[in-house]
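Novice: Here you go, one structure.
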Amino acid sequence: MQDHHVTYREINASLGINAAPGEREQLFIQKLRQCCLLFDFAEEPLSDLKWKEVKRAALLEMVEYVTSQRGVITDAIYPEAVNMFAINLFRTLPPSSNPNGAEFDPEEDEPTLEAAWPHLQLVYELFLRLLESPDFQPNVAKKFIDQKFVLQLLELFDSEDPRERDFLKTTLHRIYGKFLVLRAYIRKQINNVFYRFIYETEHHNGIAELLEILGSIINGFALPLKEEHKLFLLRVLLPLHKVKSLSVYHPQLAYCVVQFLEKDPSLTQPVVRDALFVECTYCRLVRVLTPVTEINYNNLISSGIHLSNYDVERQHFQIKSHTNYAARARQKCTAASQFCLAQQLRNCRASSHHPSIFDRDQRALLKYWPKTHSPKEVMFLNEMEEILDVMEPAEFQKVMEPLFRQLAKCVSSPHFQVAERALYYWNNEYIMSLMSDNAATVLPIMFPALYRNTKTHWNKTIHGLVYNALKLFMEMNQKLFDECSQQYKHEKQK
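With the sequence shown counted from 1, adding 94 to any position gets you the working numbering.
See the structure below:
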């Protein structure tokens, strides 16, 4: 048992309807304080069994009390409840059980479960009931549920216990919904978790849960989308496709991407084909000079840097001479590198584009397409079909050439699951309608790969799917099909 300066004793009085109304608040506070004492479930699971059960019973009683009674969440309850929640849950997580081993497989590997879960589950349950109560007042609670609280909550998402991550997901989502003042901060800190995961550690247990929260948040974005939200799609969601553990969170990631494209179809081209966000030289150099956790990525665009005698005009970057980023960068730069950075900044300023310039062929789904990892390639094909299902015809025309060149490679893949998944596109009525409307472009790209597969692919199932695709193309446009056939034979004779 860990002592938090509260004598542990059983509080026999009940919080139920038999308690005097004037005593309920004080009794509630006493029980909250009683539950601030922690017990060792890992090293000494058989110790303090009586008191562990007393605490469990007290938590259960408070859950029932908050759920069934009205007017019980008074101003005095907020600090006590938040304090009890923080003492029980905010802790240093144990190191990963397999930090440098093989990629975690949720279907094969057993997660490490939290030994104290009999208490932790009820603490989470009680806090959720408080947040969801009709009596809960965010204006009062915001004094205690603040940015520090959110940051500590986010750190727990790296827990290996999926039960805890599920409660955390619901808890953070409720906080996001209740506290408008914390929304931007929550999004920013989730971004930082993703940046650290993508560019530093490539290990985090809660990416799927965080993406699930963001899926709901994205669904509620107002139109037109803010630039901040578009940049989140391009800077964060797309680079998440390149991490080796993609399979753990890919369904949630694909859902987020599709949500964006449903809200703003104009994002289709940059997501599928173009180089999605290329950092301007300023952003890139400052990011290199500064640890990821120290950078406010959302403010990089509007931030500038004053470099000794090599000042840069304010016109382009709206320079703020003494931002934290600039100060840290100056400390880490030599005079020579400062001069280089200033020169690069002038070059950026000379561009007619915003510093968050969109350039071609750097970051897009087609650029992240796996080359040798077949299971990952199947995931990309799944996601691309979801994107095509919501793609408008005008946007399809902007991406169809590179998209079907990639699809032709997939159809020709010696890995039968990749080829099979690509050929299933011909079973999708909407995709077939897009192909039909643009047959003059699509058919010449796809015909050689399909025709070769009828002769060379080793798998009989693929042969059947290929013949089906060719048959549909022939029915779609017999004349064009014959032209493609003649062209293919002519090329083979050369």
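Even glycine gets a Cβ: it sits at the ideal position worked out from N, Cα and C.
1. What first and last residue would you give for the alpha helix (DSSP H) that runs through Gly309?
2. Helix, strand or coil: how does DSSP classify Leu132 here?
3. Would DSSP call Pro228 helix, strand or coil?
4. Mind checking Leu332: buried by the 16 CB within 10 Å criterion, or exposed?
5. Going by Cα to Cα distance, which pick from Val244, Pro538, Val484 and Glu489 is closest to Leu501?
6. My guess is that Asp260 and Asn299 are in contact by the Cβ rule of under 8 Å, so how many angstroms apart are they, rounded?
7. What first and last residue would you give for the alpha helix (DSSP H) that runs through Ser530?
8. Does Arg546 come out as helix, strand or coil in the three-state DSSP assignment?
9. Please classify Gln163: does DSSP put it in a helix, a strand, or coil?
10. With DSSP collapsed to three states, give me the class of His584.
11. Using the beta-carbon count (16 or more within 10 Å), is Pro364 buried or exposed?
12. Compute the distance between the beta-carbons of Tyr545 and Tyr582, then report whether it is under 7 Å.
13. Can you tell me whether Ser162 is buried or exposed, with buried defined as 16 or more other CB within 10 angstroms of its CB?
14. Within the segment 212-269, note down every full alpha helix (DSSP H) run reaching 4 residues or more, in order along the chain.
15. In or out: Asp255 buried (at least 16 other Cβ within 10 Å) or exposed?
16. Specify, as a first and last residue, the run of the alpha helix (DSSP H) that Lys336 falls within.
17. Leu153 to Tyr279, Cα distance in whole Å?
18. From Ala421 to Val330, what does the alpha carbon distance come to, in whole angstroms?
19. Are Glu480 and Val352 close, meaning C-beta to C-beta below 7 Å?
20. According to the neighbour-count rule (16 or more other Cβ atoms, all chains shown, within 10 Å of its Cβ), is Tyr293 buried or exposed?
21. Spatial neighbours of Asn571 within its chain, please: CB distance less than 6 Å, with the 5 preceding and 5 following residues excluded, ordered by chain position.
22. Tell me the rounded alpha-carbon separation between Ile307 and Phe474.
23. Could you give the distance in angstroms between the alpha-carbon of Asp134 and the alpha-carbon of Ala210?
24. Measure from the alpha carbon of Leu559 to the alpha carbon of each residue in Ser506, Gln346 and Gln587, then state which is nearest.
25. By the DSSP assignment, the alpha helix (DSSP H) with Ser468 in it spans what residues?
26. Using beta-carbon positions only, say whether Glu489 and Pro318 come within less than 7 Å of one another.
27. Tell me the DSSP secondary structure of Pro508 in three-state form.
28. Quick one: Cα of Val512 to Cα of Ala175, how far?
29. Nearest-angstrom Cα distance between Phe288 and Ile301?
30. In chain order, what residues of the same chain lie with their CB nearer than 6 Å to the CB of Leu564, ignoring the 5 residues before and after it?
31. Is Glu155 near Glu208, with beta carbons less than 7 Å apart?
32. Can you give me the start and stop residues for the alpha helix (DSSP H) that Pro173 sits inside?
33. So what does DSSP say about Ser579, is it helix, strand or coil?
34. Roughly how many angstroms lie between the CA atoms of Lys320 and Glu471, to the nearest whole one?
35. Could you check what DSSP says for Arg290 in three-state terms: helix, strand or coil?
36. How should Ser402 be labelled, buried or exposed, when 16 other C-beta atoms within 10 angstroms of its C-beta is the threshold for buried?
Specialist: Judging by the given coordinates:
1. For Gly309, the enclosing alpha helix (DSSP H) covers residues Ile301 to Asn313.
2. Strand.
3. Of the three classes helix, strand and coil, the one that applies to Pro228 here is coil, per DSSP.
4. Taking all protein chains in view, the Cβ of Leu332 is crowded by 16 or more other Cβ atoms within 10 Å, so the residue is classified as buried.
5. Answer by Cα proximity: Pro538.
6. Between Asn299 and Asp260 the Cβ distance is about 12 Å, and since that is not below 8 Å, they are no contact.
7. Per DSSP, the unbroken alpha helix (DSSP H) holding Ser530 starts and ends at Glu523 to Asp531.
8. Helix, per DSSP.
9. Gln163: coil per DSSP, three-state reduction.
10. Here His584 sits in helix by DSSP.
11. It counts as buried.
12. Going by C-beta atoms, Tyr545 is nearer than 7 Å to Tyr582.
13. Exposed, because fewer than 16 other Cβ atoms sit within 10 Å of the Cβ of Ser162.
14. Correct list: 232-235 and 241-249.
15. By the 10 Å Cβ count, Asp255 comes out buried.
16. Premise fails: Lys336 is in no alpha helix (DSSP H) and is neither H nor E.
17. So the two alpha carbons sit approximately 31 Å from each other.
18. Because Ala421 carries a pLDDT of 42, less than 50, the predicted location of this residue cannot be relied on, and the following value inherits that uncertainty. When rounded, the distance between both Cα atoms is 26 Å.
19. Their beta carbons are under 7 Å apart, which means Glu480 touches Val352 by this criterion.
20. Per the 10 Å Cβ criterion, exposed.
21. Here the set comprises Ala533.
22. So the two alpha carbons sit approximately 22 Å from each other.
23. Whole-angstrom Cα-Cα distance: 7 Å.
24. That would be Ser506, whose Cα lies nearest to the Cα of Leu559.
25. From DSSP, the alpha helix (DSSP H) with Ser468 extends over Ser468 to Val484.
26. With respect to Pro318, Glu489 sits apart: the two C-beta atoms are not nearer than 7 Å.
27. Taken through DSSP and simplified to helix, strand or coil, Pro508 comes out as coil.
28. One C-alpha to the other measures close to 52 Å.
29. Put simply, the backbone Cα of Phe288 is about 8 Å away from that of Ile301.
30. Closer than 6 Å at the Cβ level, and outside the excluded window around Leu564, lie Leu544.
31. The Cβ-Cβ distance between Glu155 and Glu208 does not fall below 7 Å.
32. Start and end: Ile171 to Leu183.
33. In the structure shown, the three-state DSSP call for Ser579 is helix.
34. For Lys320 and Glu471, the distance between alpha carbons rounds to 31 Å.
35. If DSSP states are grouped into helix, strand and coil, Arg290 belongs with the helices.
36. For Ser402, the pLDDT reaches just 32, beneath the cut-off of 50, and the residue's location in the model is therefore unreliable, although a value from the coordinates is still provided. With fewer than 16 other Cβ atoms within 10 Å, it is exposed.
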